[in-house]
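Undergrad: Start counting the sequence shown at 4; every next residue gets the next number (our numbering).
Backbone N, C-alpha and C fix where the C-beta goes; we use that ideal spot for every residue, glycine too.
These figures come from a predicted structure and were not determined experimentally.
This is the structure I want to talk about, given as C-alpha cells.
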Amino acid sequence: MSLNVRLVGLVVVMLFGIQHNRVAAYQDAFTTTELSYSFGRRADADVLCFEKQLVKGTTLPATISQTQATNIRYITLVADKYYKDGFRATVTPALPVMATNVRVDGKPVLPYSILIQFWCAP
C-alpha cells in the first residue's frame, strides 16, 4: 500500500471522528432529565394570568410569547408524566416583565405534554 493511500485513509478517519464528536456534543446539549422548571418568585397575592399547554407530539424547539397588562413575576413548566428524557426551558428577559418569551428545547418531537403557567402581579 502506498504512502498516499495510507495518508488519505488516515485523514478520512480523523475527519469522521471529529464530525462524530460534534454530533454527539450537539445531542448532549439538549439531553436532560429535568421535567419541571420554575422562574422568578411567586408572592401569595399573585394570580394565574395565562396558561398554555404544549401537547404530546409538538415539534421542538417551541417558543411561547406572552404579554400581560401587569408584570409576569413567576413562570412554571411541568411535564404531565415521568419520562426518561426531560426538556430545557429558558425565559427571556429576566422576570418580572410585562412581555416574555419561554423557549422549550428537547427531543425533536415532544413525548409528553408540558403545562406552562404564567403568574402575574394583582
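Pull up the distance between the alpha-carbon of Val81 and that of Phe121, whole angstroms please.
TA: Reading the sequence shown from its first residue, position 78 is the one you call residue 81. Reading the sequence shown from its first residue, position 118 is the one you call residue 121. Using only the alpha carbons, I get a separation of about 12 Å.
Undergrad: Put Lys55 into one of helix, strand or coil per three-state DSSP.
TA: As a working mapping, residue 55 is identified with position 52 in the sequence shown. Here Lys55 sits in strand by DSSP.
Undergrad: Could you compute how far the alpha carbon of Asp88 sits from the alpha carbon of Ile75?
TA: Position 85 of the sequence shown, counted from the start, is the residue given in the question as residue 88. Position 72 of the sequence shown, counted from the start, is the residue given in the question as residue 75. Distance between the alpha carbons of Asp88 and Ile75: 29 Å.
Undergrad: Which class does Ala124 belong to by DSSP, given the choice of helix, strand or coil?
TA: Here residue 124 refers to the residue found at position 121 when the sequence shown is read from its first residue. Ala124 falls in the coil class under three-state DSSP.
Undergrad: Tell me which same chain residues have a C-beta within less than 6 Å of the C-beta of Asn104, skipping the five on either side of it?
TA: Within the sequence shown, numbered from 1, the residue matching residue 104 stands at position 101. These residues qualify, in order along the chain: Thr66, Ser68, Thr95.
Undergrad: To the nearest angstrom, report how far apart Leu158 and Leu51 are at their CA atoms.
TA: The first residue shown for the chain is 4 and the last is 125, placing residue 158 beyond what the model contains.
Undergrad: What is the DSSP secondary structure of Ile117, reduced to helix, strand or coil?
TA: Numbered from its first residue, the sequence shown carries residue 117 at position 114. Ile117: strand per DSSP, three-state reduction.
Undergrad: If we count the other Cβ atoms within 10 Å of its Cβ and call it buried at 16 or more, is Tyr115 buried or exposed?
TA: As a position in the sequence shown, residue 115 is number 112, starting the count at 1. Result: buried.
Undergrad: Thinking C-alpha only, which one of Gly43, Ile117, Leu63 is nearest Asp83?
TA: To locate residue 83, count along the sequence shown from 1; it is residue 80. It is Ile117.
Undergrad: Going by DSSP, name the residue or residues bridged to Gly43.
TA: To locate residue 43, count along the sequence shown from 1; it is residue 40. DSSP output for Gly43 lists Tyr77 as bridge partner(s).
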